[in-house]
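The working numbering puts the first residue of the sequence shown at -13, with every later residue one more than the last. Beneath this line is the structure, given in structure tokens, with notes to follow.
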Amino acid sequence: MTQRLDETALARLHRATIDVLQEWVVRLREQAGGKFPEKVTAFRPEMAVHGRYGQPCPRCCAKIQRIRYAANETNYCPVCQTGGRLLADRALSRLLREDWPRTLEELEALKQR
Ligand SMILES: [Zn+2]
């Protein structure tokens, strides 16, 4: 939704993207130790949400959520990244329709039933 960001927010996102990529380049080069990287994986324990569905966010401890696609899923923290809003998971949204929880609190309340 970058088209909805103002100039200040866009500049901040751009800076953060560069910083995170540079941080990971340094980290992965250190881990490879000057050799060709043998263990190539997109799932790394240092990542805050990627591959961590259901686990606590390292920043706020909220449960990491997911959006599932055909063969993939996107993980996110509903507190740090979406301001408490749950993003629609297409498969679950179809199943639940109007019962689809909009917030983490609603989701947790549904699980209590
Ligand atoms: Zn969080």
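Ideal placement from N, C-alpha and C gives every residue a C-beta, glycine not left out.
According to DSSP, residues forming a beta bridge with Gln51: In DSSP, Gln51 forms a bridge with Tyr62.
Please return the same chain residues whose Cβ sits closer than 8 Å to the Cβ of Glu59, not counting the five positions on each side in sequence. Residues of the same chain with a CB within less than 8 Å of the CB of Glu59, apart from the 5 flanking positions on each side, are Tyr39, Arg52 and Ile53 in chain order.
Residue burial classification, Tyr62 (beta-carbon count within 10 angstroms, cutoff 16): With 16 or more other Cβ atoms within 10 Å, it is buried.
How would the residue list near ligand 1 read, in chain order, if you kept each one whose beta-carbon is closer than 6 Å to any heavy atom? Matched residues: Cys43, Arg45, Cys46, Ala48, Cys63, Val65 and Cys66.
According to DSSP, what are the bridge partners of Pro42? Within the DSSP secondary-structure output, Pro42 pairs in a beta bridge with Lys49.
Could you give the residue range of the alpha helix (DSSP H) that holds Val12? Per DSSP, Val12 belongs to the alpha helix (DSSP H) from Glu(-7) to Ala18.
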